[in-house]
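Going by full-length UniProt numbering, the first residue of the sequence shown is number 1, and it counts up by one from there.
C-beta: ideal position from N, C-alpha, C; glycine also.
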Amino acid sequence: MYVFVKELDTEKTFIPEGEIHSLLEETKNPDKKFVREILQKSLEKNRLEPVEVATLLNVEDPELIEEIFAAARTLKEKIYGNRIVLFAPLYIGNDCVNDCVYCGFRSSNPEVYRKTLTFDELRKEVEALVKRGHKRLIVVYGEHPRYSPQFIAETIRIIYETKVGNGEIRRVNVNAAPQTVDGYKVIKEAGIGTFQIFQETYHQPTYKKLHPRGPKSNYAWRLYGLDRAMIAGIDDVGIGALFGLYNWKFEVMGLIYHTIHLEERFGVGPHTISFPRIEPAIGSEISYNPPYKVSDEEFKRLVAIIRLAVPYTGMILTAREPAELRREVLKLGVSQIDGGSSIGIGSYSQDDPEKVRKSQFILGDNRSLEEVIRDLLREGYIPSFCTACYRMGRTGEHFMEFAIPGFVKRFCTPNALFTLKEYLNDYASEETRRLGEELIKMELERIEKRELVEKYLERIDRGERDVRF
Ligand code: SAM
Ligand code: SF4
């Protein structure tokens, strides 16, 4: 059917299970000097090799772990500056033919309340999100024949068309089942940003156990899902692993091999990496007691190591994690977070007593978007809703080209300030506006082309929207 038929028929994929186990064994008790050389290589913005990543994963000396954290913070500052991009997840429907044992939406779960938004309900959800100030969404679907590529494309078109006053959604990313090449083409036509697929676990025997039925039980079909997306012309793809299903060090290695595979095959790695930890899900025993539970300390280490391993890849931290931990982990390399998330289907536009039964799992951070923004401002970050690169065609390879010294300062920082200014003018409370204006003032002190940036900010004050460099 596709060029991948051969790979789908065999156990042999680009995830060399034996090699990963050997590397993790051979690099135990790493030499301090070697670890520091690796950190230096990463600080020079080079992607690390598997043996180097395995070495960092095996660091147990507390002093060296601190050095890893420090390097991750520095690298993040160097490449991304102090911007944090904000988005919200929008669940469209939870019908599902798969039976992933950790997920509330799995087919054999009698406790979940099944619901797919009608197009009218979808418009109401989008209106509610736009009214809070959101500009970027990730739309989420179960896997079911009713969520065909045509249906997914139609929902995305509706989202882009739904405007409220000055507000609109400017980038829709997608987290849905892996598609055929033709299916991706239909979805791409609707103008999507990133297509995300999480492999959940890269460890095949574990994968087989946890995905007993449905199309998702085919490990290789999922593993090559983003190859097909790229073949279909989708430039930005997002990979991820669900931490808690198998050994976290193995999963980080899986993410690195996946990145290298995409780089080698398409000349560009993933746009983003996600690293969700399992959260309690209604009707799923395993989700309350994951077999390889990742502690907060281990979580921080894995975030820092992923940051160092793939300097130019965006990293997404979701509201699965509690606010306090999110604050800490942000510094270690995260570039995007969600704010004001609600994952009960239909729950942005109405209070719903059945919300939990319509949710895939339970969130750890329930702050509103406004609260998240206020916290970010207090910590010195620029909350950003920027979509300029996507809207100006700077995607895929171009993103890599532009992720070079100077680009962030010249483009990303001003664009982040413009979108923050829009938020402050249109949606913020007085207190948030005050904090935001203070931050903008501070940033202007050290920005390039200050006069031009100030002119653009004035245009926003005069009512113009969507201004960008
Ligand atoms: N149904 C599609 C799929 O499985 O690829 C797309 C959407 S699925 C709802 C999105 C992601 O949620 C999954 O890839 C999985 O990593 C994550 N997830 C599932 N159950 C979870 C849980 N209990 N806690 C945290 N994340 C979970
Ligand atoms: Fe369905 Fe996705 Fe949940 Fe699996 S993770 S049961 S495919 S919604």
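Asked, Found
"Please tell me whether, using a cut-off of 6 Å, the distance from the CB of residue 472 to the nearest non-hydrogen atom of the ligand SF4 is below it.", "Past the boundaries of the shown model lies residue 472; the chain is included only from 1 to 469, so the question cannot be answered."
"Do the region 186-203 and the region 216-231 touch if we need at least three Cβ pairs shorter than 8 Å?", "yes"
"Check for me: the alpha helix (DSSP H) holding Pro50 runs from which residue to which?", "50-57"
"Give the C-beta separation of Leu424 and Ile382 to the nearest angstrom, bearing in mind that I take them to be a contact with Cβ-Cβ under 8 Å.", "About 12 Å; that fails the 8 Å criterion."
"Near Arg374, what residues of its chain come up, given a Cβ to Cβ distance below 6 Å and the 5 sequence neighbours on each side ignored?", "Thr432"
"Report yes if the C-beta distance between Glu279 and Phe385 is below 7 Å; otherwise report no.", "no"
"Going by the C-beta, is Arg106 closer than 6 Å to any heavy atom of the ligand SF4?", "yes"
"When you compare the region 236-248 with the region 282-291, are there three or more beta-carbon pairs, one atom per stretch, that lie closer than 8 Å?", "yes"
"Looking at the secondary structure, which residues open and close the beta strand (DSSP E) in which Asn175 lies?", "171-175"
"Can you find a heavy atom of the ligand SF4 that lies under 6 Å from the Cβ of Asn98?", "yes"
"Could you check if Leu317 is buried or exposed, using at least 16 other CB atoms within 10 Å of its CB as the buried criterion?", "buried"
"Shortest alpha-carbon distance to Ala54 belongs to which of Ser22, Ala71, Arg36?", "Ser22"
"Taking DSSP as the reference, what is the three-state secondary structure of Phe361?", "coil"
"Relative to the C-alpha of Tyr102, which candidate in His134, Pro89, Pro212 has its C-alpha closest?", "Pro212"
"What separation, rounded to the nearest whole angstrom, lies between the Cα atoms of Ala220 and Asn175?", "18 Å"
"Indicate whether Val467 and Gly81 have their beta-carbon atoms separated by less than 7 Å.", "no"
"Does DSSP classify Ile158 as helix, strand or coil?", "helix"
"Please determine whether the Cβ atom of Ile286 lies at a distance below 6 Å from any heavy atom of the ligand SAM.", "no"
"Three or more C-beta pairs under 8 Å: does that hold for the region 355-371 against the region 111-125?", "yes"
"Applying the criterion that 16 or more other CB atoms from any shown protein chain within 10 Å of the CB defines a buried residue, is Gly346 buried or exposed?", "buried"
"Are the CB atoms of Val294 and Pro270 nearer to each other than 7 Å?", "no"
"When you measure from the CB of Lys216 to every non-hydrogen atom of the ligand SF4, does any distance come out below 6 Å?", "yes"
"Could you tell me whether any non-hydrogen atom of the ligand SF4 is closer than 6 Å to the CB of Cys389?", "no"
"In its own chain, which residues sit with a C-beta less than 7 Å from the C-beta of Gly142, not counting the 5 before and 5 after it?", "Gly93, Asn94, Asp95, Cys96, Phe105"
"Regarding Cys103 and the ligand SF4, is the C-beta to nearest heavy atom distance less than 6 Å?", "yes"
"In its own chain, which residues sit with a C-beta less than 7 Å from the C-beta of residue 496, not counting the 5 before and 5 after it?", "An answer regarding residue 496 cannot be provided, because it is not within the stretch 1 to 469 covered by the chain."
"Kindly give me the distance between the Cβ atoms of Leu210 and Arg136, rounded to whole angstroms, as I take these residues to be in contact under 8 Å.", "Not confirmed; about 30 Å, so no contact."
"Quick check on DSSP: helix, strand or coil for Gly314?", "strand"
"What residues in its chain sit with their C-beta under 8 Å from that of Gln336, if we drop five residues either side in the sequence?", "Ile84, Val85, Leu86, Phe87, Thr272, Gly314, Met315, Ile316, Leu317"
"Taking the CB atoms as reference points, tell me whether His203 and Phe275 lie closer together than 7 Å.", "no"
"Just list the residues that DSSP pairs Gln196 with in beta bridges.", "Asn175, Gly238"
"Bridge partners for Tyr91 per DSSP, in chain order?", "Val140"
"Does the beta-carbon of Ile460 have 16 or more other beta-carbons within 10 angstroms, so that it is buried, or is it exposed?", "buried"
"Within the continuous alpha helix (DSSP H) that includes Gln350, where are the two ends?", "It is not in any alpha helix (DSSP H) - Gln350 carries neither H nor E in the DSSP assignment."
"Figure out for me which residue from Ala319, Glu67, Asn98 has the closest Cα to the Cα of Lys208.", "Asn98"
"Measure the Cβ-Cβ separation of Ala128 and Ser349 and say whether it is below 7 Å.", "yes"
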